[in-house]
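Worksheet: the structure to be examined is printed underneath.
There are 2 protein chains.
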Amino acid sequence: MKATARAPANIAFIKYWGKQDEKLRLPLNASFSMNLSGAFTTTTVEFSKKYTQDIIEFVSARHAELVSASKKVYRSRNEFGMIVARDEKFSLEEKNRIIKHLDLIRAKAGISAMAKVFTQNSFPKGAGAAASASGFAALTMAAATALGLALSEKELTMLARIGSGSACRSIPDGFVMWEKGTGSESSYAYSLYPSDYWDLRDVLVIVASEMKKFLSTEGMSYVQSSPFLQSRLRRIPEKINRIQELFSRKDFPALGELIEKECLNMHAVMMTQAPPIFYWMTETLKLIHAVYEWRAQGLPVYFTIDAGPNVHLICEAKDEQKVIEKVKQLGIAKEIVVNMPADGTKIIEEHLF
Amino acid sequence: MKATARAPANIAFIKYWGKQDEKLRLPLNASFSMNLSGAFTTTTVEFSKKYTQDIIEFVSARHAELVSASKKVYRSRNEFGMIVARDEKFSLEEKNRIIKHLDLIRAKAGISAMAKVFTQNSFPKGAGAAASASGFAALTMAAATALGLALSEKELTMLARIGSGSACRSIPDGFVMWEKGTGSESSYAYSLYPSDYWDLRDVLVIVASEMKKFLSTEGMSYVQSSPFLQSRLRRIPEKINRIQELFSRKDFPALGELIEKECLNMHAVMMTQAPPIFYWMTETLKLIHAVYEWRAQGLPVYFTIDAGPNVHLICEAKDEQKVIEKVKQLGIAKEIVVNMPADGTKIIEEHLF
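So the sequences go chain by chain: U and V.
With the working numbering, letter number 208 in the first sequence gets 208, and the count goes up by one each step, no holes.
Basically the working numbering = 1-based index in the second sequence + 353.
Dropping the structure here:
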């Protein structure tokens, strides 16, 4: 009745913004992402009659340090991963969302016991670094495993999706496609390529670790107010085809161009919603301008930005050190998380309690 | 054979971005603007056989000071206007564009004499503060007057439009509509309301006075590459109707909302062009965030941004001082140009040489 899962966050190259079904979190379009080796969530779930209510907590910074020190850190393709001690708290809203997800999994298993959930992130949550993706992926797999549910990967992705849309992309390995689907059973994620297919890097520059003003769930809910949504959606299938083609022949500059274009397309939709959403901070814009400059100087690096101010710098392995150097020179990074393509969500042996 | 004109820059509330005809500068959509009392160009044109070629210069900073000191400064609704001494230069490209425009006016008059053109701005050119609008409006009226051409205001707006699209909006008084038209004769500008109709303010915050990387003429030329252009254009007629309705009943908060929405709409198109155009600098984004904050604190102020990094803060006269105070506290303004609604382009008696 106890299991621990570790799930990577993921960065979308073709983005998810807007739902066709709010409750089932069916997306308005297909999306494509890479799992991140350095940004992950570890979650232990235990169901037991001894708990009179669900207990949902972040492992305290002090406790996290003890855990890191005493237990082996999961390192499969997480060469850069390290657990930074943080004192984070769940809001009441977040706890309720987690409890709702536990209820769903309990219902599937026909079990009513309360749960204790301890979780820990290798990166700050709520700043556009996809903590809800890794969080709900880890929660889903840990809870399902603790309850002995025998689910296929496909079923796990659909279940994770109901918790947080992009969480489904954190379940399979490597480079992952999430099908739009027409109902709950047809909107699932699968690995298009394993993590060792293409040695890309995502140098994630964290410029702000405070909570973003607009949660993506909330911001996404009025996507229909953007005059540009339909034009965006019409072009997604052609982008999905294009990215598969670029992956098949590993054309990095073309991939980079597509990634940036897609990112700006989504942010243009966000900022033309009513009310408009600005996830960018001044540091975000500074990095965008810097990337253009670095590229003009011959460094092949491209940016993408999710629903937050932090910037993901995508490059090939050979340029990773140069990109890190450039970012450090700018002097605006609060943290730099260097990511390789990672496997998906896995059950691990070390529990958080 | 010598005349001097003074023309205001203008700020568009419904923007012009994209042409249906490059040569005639026919716009893809109608636009609507307010003339700016504090941001203006003064231009003296003299045609004479004594010149063997066109001489086109900015008045030097030293000369400008002498002119300001010795001559009466034009102040009709320009209470805030003052001439800041600057040493600006025309690029060869700019000179050629001016010569081309002189050729057009010479052809109309059937005269071939070369011209001496001296000009002076009350604000930095090339940073999205519409110097080409006031510049070509002043040039058109000064040259036409010097050559004794008897043109109606409507004809002057069409002529100015061929020099620089939005220049046509700087010719008529106050709040100006520029009709899209279907040919050169139907795309002209006219005053919808005089300058004293509504006591609005445009607190223009200049955050950068260097030349912008993309001239709007150039950036505009590949507007068709944005996937969002058609969606934008489809909604312009309804915005044009709406702004006329809001002006008729002087609904400031609704006007402000519309202005911001329209500004973000245009910038979303710009940044989804291929290649994307970013006119915003980090200071621009800082001001956008600040405006949201000030409004949350109860100050009714709205932003709009043209093809450059500078931010126009639109408010009512009663809030002008509060807005200026807020901007000063931010500490990012290189210059603040406070504008009332202004009359259009006028012939003045004081020559620059």
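Backbone N, C-alpha and C define an ideal beta-carbon position, used for all residues, glycine too.
Where the alpha helix (DSSP H) containing residue i begins and where it ends
{"i": "Met573 of chain V", "result": "569-573"}
{"i": "Trp294 of chain U", "result": "282-296"}
{"i": "Thr498 of chain V", "result": "484-499"}
{"i": "Arg106 of chain U", "result": "92-109"}
{"i": "Lys687 of chain V", "result": "From DSSP, Lys687 of chain V is part of no alpha helix (DSSP H); its letter is neither H nor E."}
{"i": "Val680 of chain V", "result": "673-683"}
{"i": "Glu153 of chain U", "result": "153-163"}
Chain U contact residues for residue i, given Cβ-Cβ distances below 8 Å
{"i": "Lys639 of chain V", "result": "Thr282"}
{"i": "His454 of chain V", "result": "Neighbours of His454 of chain V on chain U: none; closest Cβ ~33 Å, over 8 Å."}
Residue i, enclosing beta strand (DSSP E) - first and last residue
{"i": "Ile667 of chain V", "result": "664-669"}
{"i": "Pro606 of chain V", "result": "Segment 605-624 is the alpha helix (DSSP H) holding Pro606 of chain V; no beta strand (DSSP E) there."}
{"i": "Ile11 of chain U", "result": "2-14"}
{"i": "Leu599 of chain V", "result": "Here Leu599 of chain V belongs to no beta strand (DSSP E); instead the alpha helix (DSSP H) covers 582-601."}
{"i": "Gly38 of chain U", "result": "31-48"}
{"i": "Gln473 of chain V", "result": "467-474"}
{"i": "Lys346 of chain U", "result": "346-348"}
{"i": "Met530 of chain V", "result": "528-531"}
{"i": "Gln20 of chain U", "result": "19-21"}
{"i": "Arg201 of chain U", "result": "200-206"}
{"i": "Ala167 of chain U", "result": "Per DSSP, Ala167 of chain U belongs to no beta strand (DSSP E) and is neither H nor E."}
{"i": "Ala542 of chain V", "result": "542-546"}
{"i": "Ile55 of chain U", "result": "55-58"}
{"i": "Tyr279 of chain U", "result": "Careful: Tyr279 of chain U lies outside any beta strand (DSSP E) and carries neither H nor E."}
{"i": "Tyr404 of chain V", "result": "Note, Tyr404 of chain V: premise wrong, no beta strand (DSSP E); not H, not E."}
{"i": "Tyr302 of chain U", "result": "302-304"}
Chain V contact residues for residue i, given Cβ-Cβ distances below 7 Å
{"i": "Thr272 of chain U", "result": "Leu617, Asn618, Ala621"}
Contact check, residue i vs residue j, beta carbons under 8 Å
{"i": "Met270 of chain U", "j": "Ile277 of chain U", "result": "yes"}
{"i": "Ala133 of chain U", "j": "Val45 of chain U", "result": "no"}
{"i": "Ala383 of chain V", "j": "Glu532 of chain V", "result": "yes"}
{"i": "Ile677 of chain V", "j": "Ile689 of chain V", "result": "yes"}
{"i": "Asn10 of chain U", "j": "Ser166 of chain U", "result": "yes"}
{"i": "Phe393 of chain V", "j": "Lys442 of chain V", "result": "no"}
{"i": "Glu22 of chain U", "j": "Leu200 of chain U", "result": "no"}
{"i": "Leu159 of chain U", "j": "Thr182 of chain U", "result": "no"}
{"i": "Ile332 of chain U", "j": "Asp202 of chain U", "result": "no"}
{"i": "Leu102 of chain U", "j": "Ile162 of chain U", "result": "no"}
{"i": "Ile367 of chain V", "j": "Ile589 of chain V", "result": "yes"}
{"i": "Ser37 of chain U", "j": "Arg169 of chain U", "result": "no"}
{"i": "Phe476 of chain V", "j": "Ser517 of chain V", "result": "no"}
{"i": "Asn388 of chain V", "j": "Asp696 of chain V", "result": "yes"}
{"i": "Thr345 of chain U", "j": "Ala131 of chain U", "result": "no"}
{"i": "Leu617 of chain V", "j": "Thr272 of chain U", "result": "yes"}
{"i": "Leu504 of chain V", "j": "Ala497 of chain V", "result": "yes"}
Per-residue contacts from residue i into chain U (C-beta, under 7 Å)
{"i": "His665 of chain V", "result": "Per Cβ cutoff of 7 Å: no residues; His665 of chain V is ~17 Å from chain U at best."}
{"i": "His704 of chain V", "result": "In chain order: nothing, as chain U lies at least about 43 Å away."}
Under 8 Å by beta carbon: chain V residues contacting residue i
{"i": "Pro276 of chain U", "result": "Glu613, Lys614, Leu617"}
Cutoff 8 Å: residue i Cβ touching any chain A Cβ
{"i": "Pro590 of chain V", "result": "The structure shown contains no chain A; the protein chains it does contain are U and V."}
Cβ pair count under 8 Å reaching 3, the stretch 656-670 of chain V against the stretch 302-313 of chain U: No, the stretch 656-670 of chain V is not in contact with the stretch 302-313 of chain U.
Touch test, the stretch 526-533 of chain V against the stretch 543-554 of chain V, Cβ-Cβ under 8 Å, three pairs minimum: The stretch 526-533 of chain V, when compared against the stretch 543-554 of chain V, does touch it at the 8 Å Cβ threshold.
Where the stretch 7-39 of chain U meets chain V: residues whose CB sits under 8 Å from a CB there: Taking 8 Å as the Cβ-Cβ cut-off against chain V, none of the residues of the stretch 7-39 of chain U qualify.
Contact the stretch 100-117 of chain U vs the stretch 39-57 of chain U: 3+ CB pairs below 8 Å: Short answer: they touch.
Short-range partners of chain V found in the stretch 223-245 of chain U, where Cβ spacing is below 9 Å: When C-beta distances to chain V are compared with 9 Å, the residues of the stretch 223-245 of chain U below that value are Ser226, Pro227, Phe228, Leu229, Gln230, Ser231, Arg232, Arg234, Arg235, in chain order.
Inter-stretch contact (C-beta, 8 Å, three-pair minimum) for the stretch 91-106 of chain U and the stretch 50-61 of chain U: With the cut-off at 8 Å, the stretch 91-106 of chain U and the stretch 50-61 of chain U touch.
The stretch 199-210 of chain U touching the stretch 225-243 of chain U, judged by at least three CB pairs closer than 8 Å: The way I'd put it, the stretch 199-210 of chain U doesn't touch the stretch 225-243 of chain U; fewer than three beta-carbon pairs between them come closer than 8 Å.
Segment contact flag, the stretch 277-294 of chain U with the stretch 238-248 of chain U, C-beta cutoff 8 Å, min 3 pairs: As far as the Cβ criterion goes, the stretch 277-294 of chain U does not touch the stretch 238-248 of chain U, which means the pair count is below three.
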